[in-house]
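Structure first, commentary second.
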Amino acid sequence: MNDPRHRPRLVIVGSVNMDLVLRVPHQPKPGQTIRASDFAELPGGKGANQAVAAARLGAESIMIGRVGDDAFGGTLRSQLAGAGVQIDALQTTPGPSGVALISVDDDGQNAISIVAGANGRVSLDDVRAAESIIASADALLVQFELPIEVVAEAVTIAGRHEVMTIVDPAPAPPRGVALPEALYHVDVLSPNQTEAADLAGIEVDDLAGAERAARLLLQRGARCIVVKLGPDGALIVASEAPARHVPSITVEPIDTTAAGDAFTAAMAVALAEGEAIDSAVRFGCIAGALATTTLGAQPAMPMRQRVQSAMQQKTP
Ligand code: RIB
44 MNDPRHRPRL VIVGSVNMDL VLRVPHQPKP GQTIRASDFA ELPGGKGANQ
94 AVAAARLGAE SIMIGRVGDD AFGGTLRSQL AGAGVQIDAL QTTPGPSGVA
144 LISVDDDGQN AISIVAGANG RVSLDDVRAA ESIIASADAL LVQFELPIEV
194 VAEAVTIAGR HEVMTIVDPA PAPPRGVALP EALYHVDVLS PNQTEAADLA
244 GIEVDDLAGA ERAARLLLQR GARCIVVKLG PDGALIVASE APARHVPSIT
294 VEPIDTTAAG DAFTAAMAVA LAEGEAIDSA VRFGCIAGAL ATTTLGAQPA
344 MPMRQRVQSA MQQKTP
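This is the structure:
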């Protein structure tokens, strides 16, 4: 991908968390206590991770959400600003910030528990007050760590202003729980394999299953489904063309946390720059792969130059 003709503006309505990260040899079993080798307090939250990724990839990145008035809140604000994210619309609310407890094992796999904190206080009024900011964007990016009706309202506002809508449905609601209608009528819905299965209500074990789930979701109203497949790349499914599998690159993963966030943000940046979906997804796959080579969420979001040089690598 070449340098963009214009710098796109991305608005991210989403969560901001402090990630409390433990390095463990393996994930503990229920009732088991294990020793961790390391602990780190690192900035995260799906929304904030995507905002940082978008800024590092060259976009103007505007964060809408809330942090608490605790010590984490101030740190999270300054880390976002330091990464080049615009935080004028990021409010501070009384009470604790969002927190994620993450254990990363020797294979780089993670287990995450989140508590919403201030993310749960983002309201319909907050997004309605940000209508002009959303309207000024080339693309709106949302995830599911805020109250779902707030996420749906952000997408509705974007749709009213013909702003491209990109939805990362993570964490997905339990199987059988439908989303607000607005969240199906989006430009790109980008679940991972598990989220695709939960949203479509079917098992997804392979590419054929991912395509079946995607086609069910297309019928609900999305223009395009991009199923994230981790090290196996991604699958693009749209009604007007056959499904396309986009491979990724091979890396040695250290921590897979936020790889999906890097993917979604990179894909969004490329789409907002006017790239076609296939090359935007390839850009996303590479950003996602690179994000697994560094510990932590926001610290792992790659710079544009790194993604561009990795794009020259041959696919497996
Ligand atoms: O996607 C990774 C993120 O999920 C972490 O940063 C954590 O905060 C949770 O939101």
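So that you can map any letter, position 287 of the sequence shown is 330 in our numbering, and since no number is skipped, the others follow by simple counting. All C-beta atoms in this analysis are idealised placements derived from N, C-alpha and C, irrespective of residue type, glycine included.
Can you give me the start and stop residues for the beta strand (DSSP E) that residue i sits inside?
i: GLY108; result: 103-111
i: ILE155; result: 153-158
i: ALA286; result: 284-289
i: THR136; result: 133-136
i: VAL269; result: 267-271
Anyone know if the C-beta pair for residue i and residue j falls short of 9 Å?
i: ASP181; j: HIS69; result: no
i: ALA143; j: LEU63; result: yes
i: ALA309; j: LEU65; result: no
i: ASP275; j: ASN92; result: no
i: GLY111; j: SER140; result: yes
i: GLY219; j: GLY244; result: yes
i: VAL198; j: ASN235; result: no
i: GLY138; j: ASP113; result: yes
i: ALA340; j: GLY116; result: no
Look at the alpha carbon of residue i and the alpha carbon of residue j, and state the distance between them as a whole number of angstroms.
i: GLY57; j: SER80; result: 31 Å
i: ARG287; j: ALA253; result: 11 Å
i: ALA126; j: MET61; result: 15 Å
i: GLN351; j: GLN75; result: 43 Å
i: ASP248; j: THR335; result: 22 Å
i: GLN348; j: PRO214; result: 30 Å
i: ARG325; j: GLU295; result: 19 Å
i: MET346; j: ILE329; result: 11 Å
i: VAL231; j: SER104; result: 19 Å
i: ALA21; j: LEU189; result: Absent from the structure is residue 21, since the part of the chain shown begins at 44 and ends at 359.
i: VAL54; j: ARG258; result: 28 Å
i: GLU424; j: ARG78; result: Given a span of 44 to 359 for the chain in the structure shown, any question on residue 424 remains unanswerable.
i: GLY108; j: ALA132; result: 7 Å
i: ARG120; j: LEU338; result: 20 Å
i: HIS49; j: GLY327; result: 19 Å
i: PRO290; j: VAL147; result: 25 Å
i: GLY163; j: PRO342; result: 24 Å
i: ILE177; j: GLY202; result: 10 Å
i: ALA173; j: ALA277; result: 32 Å
i: ARG52; j: LEU123; result: 16 Å
Buried or exposed: where does residue i fall if 16 or more other Cβ atoms within 10 Å of its Cβ makes it buried?
i: SER175; result: exposed
i: ASP211; result: buried
i: LYS72; result: exposed
i: PHE82; result: exposed
i: VAL165; result: buried
i: GLU192; result: exposed
i: GLU283; result: exposed
i: GLY317; result: exposed
i: ALA128; result: A small correction: the amino acid at residue 128 is Val; Ala does not occupy that position in the sequence shown. The residue is buried, with at least 16 neighbouring Cβ atoms inside 10 Å.
i: VAL158; result: exposed
i: ALA16; result: With the chain covering only 44 through 359, there is no way to say anything about residue 16.
i: ASP321; result: exposed
i: PRO285; result: exposed
i: ARG255; result: buried
Which of the three DSSP states is assigned to residue i in this structure?
i: LEU183; result: strand
i: LYS89; result: helix
i: ARG52; result: strand
i: GLY141; result: strand
i: ILE279; result: strand
i: SER146; result: strand
i: LEU232; result: strand
i: GLU196; result: helix
i: ASP81; result: strand
i: ILE209; result: strand
i: GLN75; result: coil
i: GLN262; result: helix
i: GLN341; result: helix
i: GLN122; result: helix
Looking at the ligand ATP, does it come within less than 8 Å of residue i, judged from the CB to the closest heavy atom?
i: SER58; result: Inclusion of the ligand ATP in the displayed structure is not the case, the ligand content consisting of the ligand RIB alone.
Provide the residue span of the alpha helix (DSSP H) that contains residue i, from first to last.
i: ILE177; result: 174-178
i: LEU63; result: Looking at the DSSP string, LEU63 is not in any alpha helix (DSSP H); the run it does join, the beta strand (DSSP E), is 60-66.
i: MET310; result: 302-315
i: MET350; result: Position check: residue 350 holds Val in this sequence, whereas Met was assumed. Unbroken alpha helix (DSSP H) run through VAL350: 347-353.
i: GLY327; result: 320-334
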